[in-house]
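S.K.:
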Amino acid sequence: MQTKRTIFSNKGLPYLLLAPQLAVTIIFFIWPAAQAIKSSFEREDPFGLRTTFIWFDNYTRLFADPTYLNAFGRTLIFAVGVTFISMAIALLMAVAVNRLLRTGKIYTTLLVWPYAVAPVVAGILWWFMFNPSIGILPYVLGQFGINWNHRIVGNHAMILVIIAAAWKQISYNFLFFLAGLQSIPASLNEAAAIDGAGPFKRFWTIVFPLLSPTTFFLLIINVNYAMFDTFGVIDGTTSGGPNQATNILVYKVYADGFLGLNIGSSAAQSVILMLIVIGLVFVQFRYVERRVQY
Amino acid sequence: MSKTLLATGTALATLLASTGASFAQTEIAWWHAMSGELGAKLEEVAQGFNDTQDDYEIVPVYRGTYGETLTAAIAAFRANEQPAIVQVYEVGTGTMMAAEGAVYPVYQLMADNGLEFDPANYLSSVVGYYSDTEGNILSLPFNSSTPIMYYNKDVFEEAGLDPETPPATWAEMEAAMNQIVDSGAAPCGLTTAWISWIHTENFSALHDLPYGTMENGFGGLGTEFVMNNEHLATHWDNLKRWQDEGIFRYGGPEGGPDAQPLFLAGECGLFMNSSAGRAAIVANADFEVGFAPLPYYDDVIDSPMNSIIGGATLWTLQGRPAEEYAGVAAFYDYLSSPEVQADWHQFTGYLPITNASYELGQEQGYYEENPGSDTSILQMTRVEPNENSKGIRFGSYTQIRALIDEEFEAVLAGDKTAQEALDSLVTRGNALLREFEAANG
Numbered sequence: 001m002q003t004k005r006t007i008f009s010n011k012g013l014p015y016l017l018l019a020p021q022l023a024v025t026i027i028f029f030i031w032p033a034a035q036a037i038k039s040s041f042e043r044e045d046p047f048g049l050r051t052t053f054i055w056f057d058n059y060t061r062l063f064a065d066p067t068y069l070n071a072f073g074r075t076l077i078f079a080v081g082v083t084f085i086s087m088a089i090a091l092l093m094a095v096a097v098n099r100l101l102r103t104g105k106i107y108t109t110l111l112v113w114p115y116a117v118a119p120v121v122a123g124i125l126w127w128f129m130f131n132p133s134i135g136i137l138p139y140v141l142g143q144f145g146i147n148w149n150h151r152i153v154g155n156h157a158m159i160l161v162i163i164a165a166a167w168k169q170i171s172y173n174f175l176f177f178l179a180g181l182q183s184i185p186a187s188l189n190e191a192a193a194i195d196g197a198g199p200f201k202r203f204w205t206i207v208f209p210l211l212s213p214t215t216f217f218l219l220i221i222n223v224n225y226a227m228f229d230t231f232g233v234i235d236g237t238t239s240g241g242p243n244q245a246t247n248i249l250v251y252k253v254y255a256d257g258f259l260g261l262n263i264g265s266s267a268a269q270s271v272i273l274m275l276i277v278i279g280l281v282f283v284q285f286r287y288v289e290r291r292v293q294y
Numbered sequence: 001m002s003k004t005l006l007a008t009g010t011a012l013a014t015l016l017a018s019t020g021a022s023f024a025q026t027e028i029a030w031w032h033a034m035s036g037e038l039g040a041k042l043e044e045v046a047q048g049f050n051d052t053q054d055d056y057e058i059v060p061v062y063r064g065t066y067g068e069t070l071t072a073a074i075a076a077f078r079a080n081e082q083p084a085i086v087q088v089y090e091v092g093t094g095t096m097m098a099a100e101g102a103v104y105p106v107y108q109l110m111a112d113n114g115l116e117f118d119p120a121n122y123l124s125s126v127v128g129y130y131s132d133t134e135g136n137i138l139s140l141p142f143n144s145s146t147p148i149m150y151y152n153k154d155v156f157e158e159a160g161l162d163p164e165t166p167p168a169t170w171a172e173m174e175a176a177m178n179q180i181v182d183s184g185a186a187p188c189g190l191t192t193a194w195i196s197w198i199h200t201e202n203f204s205a206l207h208d209l210p211y212g213t214m215e216n217g218f219g220g221l222g223t224e225f226v227m228n229n230e231h232l233a234t235h236w237d238n239l240k241r242w243q244d245e246g247i248f249r250y251g252g253p254e255g256g257p258d259a260q261p262l263f264l265a266g267e268c269g270l271f272m273n274s275s276a277g278r279a280a281i282v283a284n285a286d287f288e289v290g291f292a293p294l295p296y297y298d299d300v301i302d303s304p305m306n307s308i309i310g311g312a313t314l315w316t317l318q319g320r321p322a323e324e325y326a327g328v329a330a331f332y333d334y335l336s337s338p339e340v341q342a343d344w345h346q347f348t349g350y351l352p353i354t355n356a357s358y359e360l361g362q363e364q365g366y367y368e369e370n371p372g373s374d375t376s377i378l379q380m381t382r383v384e385p386n387e388n389s390k391g392i393r394f395g396s397y398t399q400i401r402a403l404i405d406e407e408f409e410a411v412l413a414g415d416k417t418a419q420e421a422l423d424s425l426v427t428r429g430n431a432l433l434r435e436f437e438a439a440n441g
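So the sequence lines, in the order shown, correspond to chains A and B.
According to UniProt numbering, the stretch in the first sequence is residues 1 to 294, in order.
According to UniProt numbering, the stretch in the second sequence is residues 1 to 441, in order.
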């Protein structure tokens with residue numbers, strides 16, 4: 001079969017049509033990213049009065065700094081924690097709501113609400129509930145003999161920020177999972193039920209594999225969310241403390257650059273962060289996507 | 001990446017702030033970090049100046065916290081959209097002083113505009129903090145504070161302590177804290193804001209201990225930290241022990257966000273914070289509040305030195321039109337008058353930074369009517385400051401303050417002894433100082 005092709009004689013037209021998209025990409029991504037790469041090779045005073053080109057000094061200094069290396073481990077724990085908790089709970093809720101016939105819409109609406117809450121506000125909400133002096137949860141935990149204090153105990157702080165960050169994301173994941181579940185033909189489930197498969201067996205062998213495109217998409221979104229968009233949650237609750245226990249990579253970029261005014265080091269950190277994301281997305285598409293059944 | 005965004009944002013904000021102007025007057029932007037009651041009072045001060053003359057209009061713009069204000073001003077400077085006046089906290093002093101070419105020193109500004117400005121009118125400890133090595137004052141002192149101790153007189157009474165004699169030494173403090181908790185008057189004895197400012201920097205000044213070499217950094221960028229002495233270690237270890245015993249409660253890093261609520265709720269009987277917290281504490285406490293100087297260790301020093309200041313000063317940035325600077329100079333002249341100073345000090349709890357405003361307050365009988373309101377100024381001026389107590393000046397100090405909190409938290413968590421934490425603080429802090437020296441030298 002021969003495909004019919006239209007040939008535009010004007011060479012400039014395709015570029016003209018692409019221009020708006022290219023302009024957006026260049027202005028909002030390429031240009032700032034190039035600036036960050038340039039700054040990461042420089043040492044500069046905050047006012048930009050004196051700039052020296054120092055090659056990889058900012059990078060070598062970072063990798064010689066144990067606190068920076070520790071931030072990698074913390075970011076990993078945080079990202080895995082947030083992604084797993086938010087996706088697992090969202091899936092559980094979506095499966096539950098999917099079985100409801102009449103009240104499903106109301107539940108869906110209610111469950112979406114947290115997504116409208118700004119990250120900082122979400123952080124503050126949980127901070128209040130977990131506040132060692134005035135919060136309700138430390139009081140309840142105290143009844144079980146747990147002395148909650150995220151001001152001092154690093155693990156408590158990490159649990160707090162993971163919960164606060166995951167809570168907000170559950171709504172988003174829930175919507176996608178629900179949509180995914182509703183697109184699975186009921187006949188498959190019914191056929192399996194007739195063959196005698198129990199609810200768990202049916203979920204793991206039929207529903208979950210058919211849901212894999214949604215799960216894969218959410219995995220990428222959630223990992224990126226945990227690594228980049230959780231700045232507000234951390235800033236509103238622990239500010240990276242105690243003793244750096246919740247100082248993840250993205251927060252450190254902010255703290256060093258905006259609070260510490262150390263632009264070179266901060267730029268180097270954001271370049272590293274950028275490389276990590278590129279790497280992560282690559283790995284996800286190259287290896288994880290192969291196992292996804294569309 | 002973030003720089004460009006920030007600059008665009010600030011440029012936009014400046015644009016917004018400058019619309020709605022009247023035409024004849026020269027508008028002068030004043031970026032500040034005073035929120036709530038303090039912010040309203042600051043706007044009143046600006047309005048007061050605007051009402052006295054028709055040539056200039058000071059436009060105060062709230063830019064968030066001190067840290068955010070400084071960052072915004074620097075980003076604006078890089079984008080050539082800077083305000084003429086910016087309020088910078090004492091922690092940013094090292095950064096501002098190193099930025100020659102970006103800053104219009106106040107002594108020069110006043111001289112250029114033919115206005116008289118005598119730093120000798122100001123408290124020497126305030127002037128010293130903001131003067132360069134040649135003794136020229138670089139920024140206009142505006143809101144300086146110093147830490148003091150607040151205590152709950154009702155809790156003292158209930159615990160069987162004398163509400164009129166607050167503990168003066170740390171030994172008396174420990175006894176009082178124990179008595180408060182043991183008697184059941186309150187569940188905790190002491191809480192505090194600012195581990196860095198109060199329990200590290202001011203601790204060193206009060207006990208005449210060096211904090212850094214080269215006169216605590218006043219002598220130049222080559223300074224190194226030396227605060228890891230046994231006395232400070234003992235104090236941090238004590239705080240850790242008291243935390244474990246339940247008579248002290250850590251209020252969180254930086255300004256200790258949990259500390260003031262603990263005190264106001266009657267959970268802790270004693271509280272250390274900036275003197276500028278007085279207005280808010282008196283307004284929100286449903287008990288009688290007592291004021292006292294910071295305690296000291298009588299086995300380290302017989303009588304304590306002066307405390308050092310915090311708060312902020314007004315910096316003039318270069319690169320604005322000349323007529324704006326004439327207005328800035330006139331505004332600074334207005335701000336230096338005893339009436340304006342005394343009003344600001346009495347309303348806010350900040351120090352009376354000019355001698356004349358302090359004397360005016362005395363003439364008005366203000367300190368007799370408001371007992372405790374002169375605790376801060378008396379503590380500041382009780383002795384002539386020496387090189388250990390005249391203040392500190394270090395680059396990258398925002399980050400170093402964060403290191404202090406981190407190391408202290410490591411002590412509280414039991415990960416390190418106080419000596420180990422302070423040694424690590426010195427190592428890590430010095431690395432930042434060297435980096436700052438390299439970038440600004």
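Using N, Cα and C, we set each Cβ at its ideal position, and we do this for glycine too.
Using 8 Å as the limit for Cβ to Cβ distance, is Gln399(B) near chain A?
M.R.: If you number the second sequence from 1, residue 399(B) lands on position 399. A Cβ of chain A is located within less than 8 Å of the beta carbon of Gln399(B).
S.K.: For Ile170(A), which residues in the same chain have their Cβ closer than 6 Å to its Cβ, ignoring the five residues on either side in sequence?
M.R.: Within the first sequence, the letter at position 170 stands for residue 170(A). Ser86, Ile89, Ala90, listed in sequence order.
S.K.: Determine the closest residue to Thr214(A) out of Gly196(A), Thr246(A), Pro119(A), Ser183(A), with distance taken between C-alpha atoms.
M.R.: The count along the first sequence starts at 1 and reaches residue 214(A) at position 214. Among Gly196(A), Thr246(A), Pro119(A), Ser183(A), the Cα nearest to that of Thr214(A) is on Ser183(A).
S.K.: Please list the segments of the alpha helix (DSSP H) lying wholly inside the segment 258 to 326 of chain B, counting only runs of 4 or more residues, in order along the chain.
M.R.: 259 to 264, 278 to 284
S.K.: Gln244(A) touches chain B at which residues, Cβ-Cβ below 8 Å?
M.R.: For the purposes of this step, residue 244(A) is taken as residue 244 along the first sequence, with counting starting at 1. Under the 8 Å cutoff, chain B gives Glu406.
S.K.: Can you give, in chain order, each stretch of the alpha helix (DSSP H) that sits fully within the segment 14 to 78 of chain A and has at least 4 residues?
M.R.: 31 to 40, 57 to 63
S.K.: Per the contact definition of three or more C-beta pairs closer than 8 Å, is the segment 153 to 172 of chain A in contact with the segment 243 to 253 of chain A?
M.R.: With contact defined as three or more Cβ pairs closer than 8 Å, the segment 243 to 253 of chain A and the segment 153 to 172 of chain A are in contact.
S.K.: For residue 493(B) versus Gly256(B), is the C-beta spacing smaller than 8 Å?
M.R.: This structure leaves residue 493(B) out entirely; chain B is present only between 1 and 441.
S.K.: Could you tell me whether the segment 44 to 53 of chain A touches the segment 74 to 87 of chain B, using the rule of 3 or more Cβ pairs below 8 Å?
M.R.: yes
S.K.: Report, in whole angstroms, the separation of the C-beta atoms of Leu221(B) and Asn440(B), which I expect to be a contact under 8 Å.
M.R.: Along the second sequence, one-based indexing puts residue 221(B) at 221. Along the second sequence, one-based indexing puts residue 440(B) at 440. Right, the Cβ-Cβ distance comes to about 6 Å (below 8 Å), so this counts as a contact.
S.K.: Anyone know if the C-beta pair for Val88(B) and Ile137(B) falls short of 8 Å?
M.R.: Stepping through the second sequence from its first residue, residue 88(B) is reached at position 88. Stepping through the second sequence from its first residue, residue 137(B) is reached at position 137. At the C-beta level, Val88(B) and Ile137(B) stay beyond 8 Å of one another.
S.K.: 8 Å is my cut-off, CB to CB: does Gly241(A) come that close to chain B?
M.R.: By 1-based counting over the first sequence, the position of residue 241(A) is 241. Yes, its Cβ sits closer than 8 Å to a Cβ of chain B.
S.K.: Does the separation of the CB atoms of Leu206(B) and Pro304(B) fall below 8 Å?
M.R.: Within the second sequence, residue 206(B) is the residue found at index 206, counting from 1. Within the second sequence, residue 304(B) is the residue found at index 304, counting from 1. Against a cut-off of 8 Å, the Cβ pair of Pro304(B) and Leu206(B) comes out as a contact.
S.K.: If you draw a straight line from the alpha carbon of Ile162(A) to that of Leu137(A), how long is it in whole angstroms?
M.R.: Counting from one through the first sequence, the residue named residue 162(A) turns up at place 162. Counting from one through the first sequence, the residue named residue 137(A) turns up at place 137. If I take the Cα positions, the gap works out to 15 Å.
S.K.: Taking the beta carbon of Leu360(B) as the centre, do at least 16 other beta carbons fall within 10 Å, making it buried, or is it exposed?
M.R.: To locate residue 360(B), count along the second sequence from 1; it is residue 360. Answer is buried; the Cβ neighbour count reaches 16.
S.K.: Along the chain, where does the beta strand (DSSP E) containing Gln87(B) start, and where does it finish?
M.R.: Along the second sequence, read from residue 1 onward, the residue named residue 87(B) stands at position 87. Segment 85 to 89, the beta strand (DSSP E) holding Gln87(B).
S.K.: Tell me whether the beta-carbon of Gly310(B) lies closer than 8 Å to the beta-carbon of Thr95(B).
M.R.: Along the second sequence, one-based indexing puts residue 310(B) at 310. Along the second sequence, one-based indexing puts residue 95(B) at 95. No.
S.K.: Excluding the 5 residues flanking Ser39(A) on each side, which residues of the same chain have their C-beta closer than 7 Å to its C-beta?
M.R.: Taking the first residue of the first sequence as position 1, residue 39(A) is located at position 39. Contacts found: Ile263, Gly264, Ala267.
S.K.: CA-CA distance, Leu125(A) and Val233(A)?
M.R.: On the first sequence, position 125 is the one that residue 125(A) refers to. On the first sequence, position 233 is the one that residue 233(A) refers to. Taking the straight line joining both Cα atoms gives about 10 Å.
S.K.: Given this structure, state the Cα-to-Cα distance separating Thr52(A) from Arg43(A), to the nearest angstrom.
M.R.: The count along the first sequence starts at 1 and reaches residue 52(A) at position 52. The count along the first sequence starts at 1 and reaches residue 43(A) at position 43. Distance between the alpha carbons of Thr52(A) and Arg43(A): 5 Å.
S.K.: Flag Ile74(B) as yes if its beta-carbon sits less than 8 Å from any beta-carbon of chain A, otherwise no.
M.R.: Within the second sequence, the letter at position 74 stands for residue 74(B). Ile74(B) counts as touching chain A.
S.K.: So for Gly246(B), helix, strand or coil by DSSP?
M.R.: Here residue 246(B) refers to the residue found at position 246 when the second sequence is read from its first residue. Coil at Gly246(B), not helix or strand.
S.K.: So, under 8 Å CB-CB, Ile148(B) and Ser357(B) are touching, yes? Tell me the CB distance rounded to an integer number of Å.
M.R.: Taking the second sequence and counting its residues from 1, the one referred to as residue 148(B) is at position 148. Taking the second sequence and counting its residues from 1, the one referred to as residue 357(B) is at position 357. So it is not a contact: roughly 19 Å between Cβ atoms.
S.K.: Return the CA-CA distance between Glu324(B) and Thr316(B), expressed in angstroms with no decimal places.
M.R.: Counting from 1 along the second sequence, the entry for residue 324(B) is found at position 324. Counting from 1 along the second sequence, the entry for residue 316(B) is found at position 316. Straight-line Cα distance between these residues: approximately 11 Å.
S.K.: Please classify Asn70(A) as buried or exposed, where buried requires at least 16 other C-beta atoms within 10 Å of its C-beta.
M.R.: For this step, residue 70(A) is matched to residue 70 along the first sequence. Asn70(A) is exposed by the Cβ-count criterion.
S.K.: Could you check what DSSP says for Val161(A) in three-state terms: helix, strand or coil?
M.R.: Position 161 of the first sequence holds residue 161(A). Helix, per DSSP.
S.K.: Excluding the 5 residues flanking Phe117(B) on each side, which residues of the same chain have their C-beta closer than 6 Å to its C-beta?
M.R.: The sequence position of residue 117(B) within the second sequence is 117, counting from 1. Scanning its chain for C-beta atoms nearer than 6 Å, with the 5 sequence neighbours on each side dropped, one finds around Phe117(B) the residues Met110, in chain order.
S.K.: Listed from N- to C-terminal order along the chain, which residues in the segment 116 to 133 of chain A have their beta-carbon within a distance smaller than 8 Å of any beta-carbon of chain B?
M.R.: Asn131, Pro132, Ser133
S.K.: Consider the Cβ of Asn147(A): report whether some Cβ of chain B lies at a distance smaller than 8 Å.
M.R.: As a first step, residue 147(A) must be located in the first sequence, where it is residue number 147. For Asn147(A), the answer is no, since every Cβ of chain B falls outside 8 Å of its Cβ.
S.K.: Check whether chain A comes within 8 Å of Tyr250(B), counting only Cβ atoms and requiring the distance to be less than that.
M.R.: Residue 250(B) sits at position 250 when you count from the first residue of the second sequence. Yes, Tyr250(B) counts as interfacial toward chain A.
S.K.: Determine the extent of the beta strand (DSSP E) in which Ala29(B) is found, giving its start and end residues.
M.R.: On the second sequence, residue 29(B) is found 29 positions in, with the first residue counted as 1. First-last of the beta strand (DSSP E) with Ala29(B): 26 to 32.
S.K.: Bridge partners of Gly395(B), per DSSP?
M.R.: Position 395 of the second sequence holds residue 395(B). Paired residues: none, contrary to the question.
S.K.: Would you kindly work out how many angstroms separate the C-alpha atoms of Asp237(B) and Ala179(A), rounded to a whole number?
M.R.: The residue you call residue 237(B) lines up with position 237 of the second sequence. The residue you call residue 179(A) lines up with position 179 of the first sequence. The straight-line gap from Cα to Cα measures roughly 57 Å.
S.K.: Taking only beta-carbon positions, decide if Gly67(B) is within less than 8 Å of chain A.
M.R.: Here the question's residue 67(B) lines up with position 67 in the second sequence. At least one chain A Cβ lies under 8 Å of Gly67(B).
S.K.: Taking only the alpha-carbon atoms, compute the straight-line gap between Ser424(B) and Tyr397(B) and give it to the nearest angstrom.
M.R.: By one-based count along the second sequence, residue 424(B) stands at place 424. By one-based count along the second sequence, residue 397(B) stands at place 397. When rounded, the distance between both Cα atoms is 16 Å.
S.K.: Counting only runs of 3+ residues fully inside the segment 76 to 146 of chain B, write out the beta strand (DSSP E) ranges in chain order.
M.R.: Counting only runs that start and end inside the segment 76 to 146 of chain B, the beta strand (DSSP E) elements of at least 3 residues fall at 85 to 89, 140 to 145.
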